[in-house]
Amino acid sequence: MQIDHALHFFAGAQQQFEQLLADVPDERWAEQPAGIRNHPAWTVGHLCVGHNLVLSMLGGEGAAPAEWAETMDYGTMPVGDRAAYPDGSTLLDAYRQGHDALVAAVESTTAGALAAEMPIEAYRSFFPTIGHVVSYFLLTHEPTHFGQVVAWKRAAGLMPA
Numbered sequence: 000m001q002i003d004h005a006l007h008f009f010a011g012a013q014q015q016f017e018q019l020l021a022d023v024p025d026e027r028w029a030e031q032p033a034g035i036r037n038h039p040a041w042t043v044g045h046l047c048v049g050h051n052l053v054l055s056m057l058g059g060e061g062a063a064p065a066e067w068a069e070t071m072d073y074g075t076m077p078v079g080d081r082a083a084y085p086d087g088s089t090l091l092d093a094y095r096q097g098h099d100a101l102v103a104a105v106e107s108t109t110a111g112a113l114a115a116e117m118p119i120e121a122y123r124s125f126f127p128t129i130g131h132v133v134s135y136f137l138l139t140h141e142p143t144h145f146g147q148v149v150a151w152k153r154a155a156g157l158m159p160a
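With the first letter of the sequence shown counted as 1, position 42 gets the number 41 in numbering that gives the first Met the number 0; the numbers rise by one all the way through.
Structure (structure tokens):
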């Protein structure tokens with residue numbers, strides 16, 4: 000598979016994700032209907048934290064403030080308190096910036112850089128190289144969370160079942 004194919008779909012998914020969230024009132028972004036924990040506030044912030052991680056490996060910089068990792072990184076538990084998260088506009092701005100920066104960074108990354116060993120030892124058994132991490136984020140991470148937002152919207156009564 001060529002990375003260009005993955006980038007094509009990853010870049011296009013941004014607009015679809017924003018459309019999915021466009022009709023969700025900000026005050027509802029942290030609701031947890033029907034036991035669904037991953038609400039939009041956590042999910043968008045989590046994607047931003049993920050952008051930061053991958054961009055750091057590619058020599059770039061994401062748009063999410065470092066403190067977002069405390070509440071929205073891998074392994075954190077989403078909470079239903081809307082005040083625990085930035086407003087939707089702030090989250091989506093950081094998402095857009097990080098997403099665009101990730102596309103640009105991957106486009107300019109060499110095959111040698113992608114073949115480099117994963118710098119975080121704890122993740123190396125799953126992601127042996129930076130290329131594995133990049134492929135995962137382009138093809139699996141965001142689409143998984145997009146699907147969770149669809150399920151959340153349905154449970155919240157904001158989308159037909």
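Note that beta-carbon positions come from the ideal geometry of N, C-alpha and C, so glycine has one too.
Just so it is clear, the structure is predicted and the values come from calculations on it, not from any experiment.
Inter-residue spacing [alpha-carbon to alpha-carbon] between residue i and residue j
| i | j | result |
| --- | --- | --- |
| residue 53 | residue 47 | 10 Å |
| residue 163 | residue 82 | Coverage of the chain is limited to positions 0 through 160, which leaves residue 163 absent and any answer about it impossible. |
| residue 118 | residue 145 | 27 Å |
| residue 182 | residue 26 | Absent from the model: residue 182. The displayed extent of the chain is 0 to 160, so no value can be given. |
| residue 85 | residue 22 | 18 Å |
| residue 7 | residue 105 | 11 Å |
| residue 30 | residue 2 | 36 Å |
Opening and closing residue of the alpha helix (DSSP H) in which residue i lies
| i | result |
| --- | --- |
| residue 94 | 87-107 |
| residue 154 | 141-154 |
| residue 80 | Unbroken run through residue 80: none, as it is neither H nor E. |
| residue 56 | 39-56 |
| residue 136 | That residue, residue 136, is in no alpha helix (DSSP H); it is neither H nor E in DSSP. |
| residue 2 | 2-20 |
| residue 113 | 110-113 |
| residue 162 | Summary: the structure shown does not reach residue 162, with the chain confined to residues 0 through 160, and so no result is reported for it. |
Supposed contact pair residue j and residue i - C-beta distance, whole angstroms, cut 8 Å
| i | j | result |
| --- | --- | --- |
| residue 77 | residue 41 | 4 Å |
Contacts around residue i, its chain only, beta-carbon distance under 7 Å, and the 5 residues preceding and following it disregarded
| i | result |
| --- | --- |
| residue 130 | 113 and 114 |
| residue 5 | 134, 137 and 138 |
| residue 49 | 136 and 140 |
Neighbourhood of residue i by C-beta, 6 Å cutoff - its chain only, sequence neighbours within 5 removed
| i | result |
| --- | --- |
| residue 125 | none |
Cβ-based neighbour list, residue i, same chain, cut-off 8 Å, excluding 5 preceding and 5 following
| i | result |
| --- | --- |
| residue 80 | 29 |
Three or more C-beta pairs closer than 8 Å, one from the stretch 28-40 and one from the stretch 135-154: is that the case here?
Taking one beta carbon from each stretch, the stretch 28-40 and the stretch 135-154 have 3 or more pairs nearer than 8 Å; the two touch.
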